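The block underneath contains the structure these notes are about, expressed in C-alpha cells.
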Amino acid sequence: MRRTLRSSSSIRAFNTARSFQTSRTLAAGKESALNHEGRAEEAEHHKQDQLKKQKEGKGHWKDELASDSESIIKADRGEIDASEDTIKKLQDETAKMMQQKK
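Encoded structure:
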C-alpha cells in the first residue's frame, strides 16, 4: 500500500486572534441623569456610602448607582423592595416630576 503525503502548504493553520479594544466606562449611573448638574457628586456620595456599608457587612443594592437598564431588569425579576411605603414614595416622585414638566 502506498500512502500519499500532503504537502504542508495545503494544510493551513487557523489562528484566532483577539483584537484589543477598550471602551470608556460611564461612572455616572442612570442614562436619564447623565447631564444633570451635581450628578458626579451625587454618584460619589452614594458610592462612598455603599463602600462604608459593605465594610460594615451591611451592603445592599443601591438603585442610585445602577443604570436605568439594570434597574428595569431588577424590577422585572421582582428583586426590589415593593412595600407600601416604597410604592407611595414612587407615586409621590412621579407626581412631583409631572408638576415640574408643566
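Here my numbering = 1-based position in the sequence shown + 126.
Using N, Cα and C, we set each Cβ at its ideal position, and we do this for glycine too.
Keep in mind it's a predicted model, so treat the numbers as computed, not measured.
- Excluding five sequence positions before and after aspartate 189, the CB atoms of its chain that fall closer than 7 angstroms to its own CB belong to Ser197, given in chain order.
- With 16 or more neighbouring CB atoms inside 10 Å of its own CB, lysine 156 falls in the buried class.
- In the three-state DSSP reduction, serine 195 falls in the helix class (H, G or I).
- The Cβ atoms of glycine 185 and lysine 179 sit closer than 7 angstroms to each other.
- Per DSSP, reduced to three states, the secondary structure at glutamate 205 is coil, with no helix or strand assignment.
- The DSSP-derived three-state label of histidine 162 is coil.
- Where glutamate 182 is concerned, there is no enclosing alpha helix (DSSP H), because DSSP gives it neither an H nor an E.
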